[in-house]
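Just below is one structure, and these are the notes that go with it.
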Amino acid sequence: MNLQEGMALYLILLASLSIHEWAHAFVADKLGDPVPRAQGRVTLNPVAHIDPVGTVFLPLLMIFLNPGFAIFGWGKPVQVSLPNPKTRARDDMLITAAGPLANLVIALLVAGFAGLLFWVMPDAILSVSLLKVIILLNCLLFLFNLIPVPPLDGSHFLKHAIGMRDQTYAEFARYGFVLILVLINLPAFSSLFFGVLLPHLAFFFFSLAGI
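Heads up: the sequence shown begins at 531 in the numbering used here, then just goes up one per residue.
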């Protein structure tokens, strides 16, 4: 992958991660949580959502040092206060689900646009190829963020599924980055993720686009 291709891929990732985090903040704001707006997170400006490791270091490392399409990352986690104790668990689940669902919506919209573009301009191969990258990347982000390890969204689902206490979750989160690094380097996990789950999900959206 040359520098131009790598930077294009990184910019697509940055935009996708920003929309992902904005979705978390937007839903939290709509549910009456004042923290995301007070911290300037209810915005699509990528600067507000950059995590030094998940948005900069790890993605760039994977783009330029790893062969193939092995890239993922995460944005700066949106902080929430969940002020309503009666709906705290529900609100946390809704806020958490908003991020991965935003990536699925991106994939769906881009698939529709790619199909339309390919129908109107059959020779627009380069444009369709770029749109395929956006679809694939957002499918990857959807699946990756469902991994039940902090700071990824799946960890919130795990927390509520097993009734994990806040203190236990905080201790778990301390080792999250190390666990993620271990997982992505396990052959069994990589085979399942990149060999089974991601291709099947991407194929669904490619089929919708007719590409």
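Ideal placement from N, C-alpha and C gives every residue a C-beta, glycine not left out.
Note that the structure is a prediction, hence the values are computed from the model and not measured.
Asked: Spell out a yes or no on whether the segment 632-642 and the segment 535-549 are touching, meaning 3 or more CB-CB pairs, one atom from each, closer than 8 Å.; Found: yes
Asked: Going by CA-CA distance only, name the one from 559, 584, 629, 601 that's closest to residue 572.; Found: 559
Asked: Quick check on DSSP: helix, strand or coil for residue 577?; Found: helix
Asked: Is it true that the CB of residue 630 sits closer than 8 Å to the CB of residue 602?; Found: no
Asked: For residue 698, count neighbouring C-beta atoms within 10 Å of its own C-beta (all shown protein chains included) and say buried if the count is 16 or more, exposed if not.; Found: exposed
Asked: Measuring straight from C-alpha to C-alpha, what distance separates residue 695 and residue 722?; Found: 30 Å
Asked: Nearest-angstrom Cα distance between residue 739 and residue 615?; Found: 43 Å
Asked: From the DSSP output, in three-state form, read off residue 505 for me.; Found: Since the first and last residues shown for the chain are 531 and 741, residue 505 lies out of range.
Asked: Closest to residue 543 by CA distance: which of 566, 584, 578 is it?; Found: 584
Asked: Is the Cβ-Cβ distance between residue 624 and residue 618 less than 8 Å?; Found: no
Asked: Within 10 angstroms of the Cβ of residue 610, are there 16 or more other Cβ atoms? Answer buried if so, exposed if not.; Found: buried
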